[in-house]
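First the structure, in the form of C-alpha cells, and then the observations on it.
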Amino acid sequence: MHRTQIAAYEGGEARPRINTLNNLAAALGTTPEWLASGVGEAPDIARVRSTITLPLIPVITFVQAANLSSGDDVVGYDYIPAPRLAPDSAFAVKLDGDSMQSNSTISFPAGCTVIFDPESDVCNGDFVLCKIESSDNVTFKQLIIDQGEYYLHPLNPSYMNILAGKNISIIGVAIESRHELSPDVIMLSRSGMISDFMENISDKAKKQETESTNDSISERLDKIESMLEQLLSKK
1 MHRTQIAAYE GGEARPRINT LNNLAAALGT TPEWLASGVG EAPDIARVRS TITLPLIPVI
61 TFVQAANLSS GDDVVGYDYI PAPRLAPDSA FAVKLDGDSM QSNSTISFPA GCTVIFDPES
121 DVCNGDFVLC KIESSDNVTF KQLIIDQGEY YLHPLNPSYM NILAGKNISI IGVAIESRHE
181 LSPDVIMLSR SGMISDFMEN ISDKAKKQET ESTNDSISER LDKIESMLEQ LLSKK
C-alpha cells in the first residue's frame, strides 16, 4: 500500500475497500469497525509491531457471484490469503459439486476453494465462473470455443458439455485452486485407492485364472494329439 493511498484515506478523499480495511486492521492490531467508525477499543500503539501481513480476499457464495458487478465492494462470509499478484477485486468460491473433478492432472473436487480474477481477459481453455443468461444459473466450467460456438466443458466425464452459445456472462477466470486435506477427504481418497487396489488384484487374479485354464486346455490337447499318434503308429 502506497503512502499516498493512506494519506487519501486519512484526509477523507477516499474510502478503503472492505478487503483493504481488513488488512489494515490486521496490521494495526485492531478491528475494521474501529478504523471505519471509531467504535470499540483503540489499538495500543506501543504494542504494534512491524509485521508481514498477507492481503485477504473474500470467499463468497454462488448467489453473491451471480449478482457481482464491476467495482462492487464484496463482503465475504470468510476471508483467505490472496495469491501473489492477485488484483484487489479477486474473490473465491467454494465448490459443492463433482462436475469438475477428474483423474487427470487438473481436478477441482468438491470442497475445494477456487480463486477468480474478474478483471482477466478470457481465453479458450480457461476455467471460468460464469452465468448462463437464459437461466441465471452460475456454474464453474472450462470454456471451450470451437468455430464460434461457446461450450462449457465439465472435467468429469459423467457430465455432458453445455452448449452456451454466446449467452454467457463471465464473472471471473480461475487463477488458483486450494484443497484442504480434511479427514473426510483423506478417507474418501483412501477408499478410492483401496477400491482401485482391490480391482487391480481382481483383474490380475482373473488373468492368472484364464492363463491357467488355457494352459490346462493346451496340455489336454497335447495329450490327445499324442494318443492319436500312438494309435496311428500301431496300424
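Note that full-length UniProt numbering numbers the sequence shown so that position 102 is 102, with each residue one more than the last.
Glycine included, each C-beta is placed from N, C-alpha and C at the ideal position.
So, with DSSP's three-state summary, where would you put residue i?
{"i": "Phe108", "result": "coil"}
{"i": "Ser177", "result": "strand"}
{"i": "Ala164", "result": "coil"}
{"i": "Ser102", "result": "coil"}
{"i": "Asp121", "result": "coil"}
{"i": "Thr30", "result": "coil"}
{"i": "Ala42", "result": "coil"}
From residue i to residue j, what does the alpha carbon distance come to, in whole angstroms?
{"i": "Leu221", "j": "Lys207", "result": "21 Å"}
{"i": "Arg15", "j": "Met160", "result": "46 Å"}
{"i": "Gly125", "j": "Thr139", "result": "15 Å"}
{"i": "Pro154", "j": "Thr20", "result": "35 Å"}
{"i": "Ile65", "j": "Ser158", "result": "The sequence as given places Ala at residue 65; Ile does not occur at that position. For Ala65 and Ser158, the distance between alpha carbons rounds to 26 Å."}
{"i": "Val173", "j": "Phe91", "result": "10 Å"}
{"i": "Ser135", "j": "Lys141", "result": "16 Å"}
{"i": "His179", "j": "Val93", "result": "12 Å"}
{"i": "Ser86", "j": "Ser120", "result": "Going by the sequence as given, residue 86 is Ala instead of Ser. Each residue's Cα considered, the two are about 10 Å apart."}
{"i": "Asn67", "j": "Ala110", "result": "23 Å"}
{"i": "Glu41", "j": "Leu181", "result": "37 Å"}
{"i": "Cys112", "j": "Ile145", "result": "26 Å"}
{"i": "Pro118", "j": "Gly29", "result": "30 Å"}
{"i": "Pro81", "j": "Leu95", "result": "18 Å"}
{"i": "Glu225", "j": "Ser216", "result": "14 Å"}
{"i": "Gly148", "j": "Thr105", "result": "28 Å"}
{"i": "Val75", "j": "Leu143", "result": "27 Å"}
Just to check my reading of the structure: residue i and residue j have Cβ atoms closer than 8 Å, yes? What is that Cβ distance to the nearest angstrom?
{"i": "Val114", "j": "Val122", "result": "Not a contact, Cβ separation roughly 15 Å."}
{"i": "Leu56", "j": "Tyr79", "result": "4 Å"}
{"i": "Asn156", "j": "Ser99", "result": "5 Å"}
Please work out which residues of its chain come closer than 8 Å, Cβ to Cβ, to residue i, disregarding the five sequence neighbours upstream and downstream, and give them in chain order.
{"i": "Ile168", "result": "Cys130, Lys131, Ile132, Glu133, Tyr150 and Leu152"}
{"i": "Lys166", "result": "Tyr150"}
{"i": "Asn103", "result": "none"}
{"i": "Ser69", "result": "none"}
{"i": "Val39", "result": "Glu33"}
{"i": "Ser107", "result": "Met100, Gln101 and Leu155"}
{"i": "Gly97", "result": "Ala110"}
{"i": "Lys223", "result": "none"}
Leaving out five residues on either side along the sequence, give the residues of the same chain with a beta carbon under 6 Å from the beta carbon of residue i.
{"i": "Ala25", "result": "Thr31, Pro32 and Leu35"}
{"i": "Phe62", "result": "Val138"}
{"i": "Glu176", "result": "Pro83 and Ile115"}
{"i": "residue 237", "result": "Residue 237 is absent from the structure shown; the chain starts at 1 and stops at 235."}
{"i": "Arg17", "result": "Asp73"}
{"i": "Ile162", "result": "Leu152"}
Leaving out the 5 sequence neighbours to the left and right, which residues in its chain are closer than 7 Å to residue i when beta-carbon positions are compared?
{"i": "Ile170", "result": "Val122, Val128 and Cys130"}
{"i": "Ala164", "result": "Ile132, Tyr150, Tyr151 and Leu152"}
{"i": "Ser89", "result": "Pro118 and Glu119"}
Between residue i and chain B, is the shortest Cβ-Cβ distance under 8 Å, so that the two count as touching?
{"i": "Ala164", "result": "Judged by its chain identifiers, the structure shown contains no chain B, having just a single protein chain."}
Q | Uninterrupted beta strand (DSSP E) stretches inside the region 125-161 (no shorter than 3 residues) | A | 127-132, 137-146 and 149-153
Q: Would you mind listing the alpha helix (DSSP H) stretches within the region 53-90 that are 4+ residues and don't spill past its ends, in chain order?
A: 62-66
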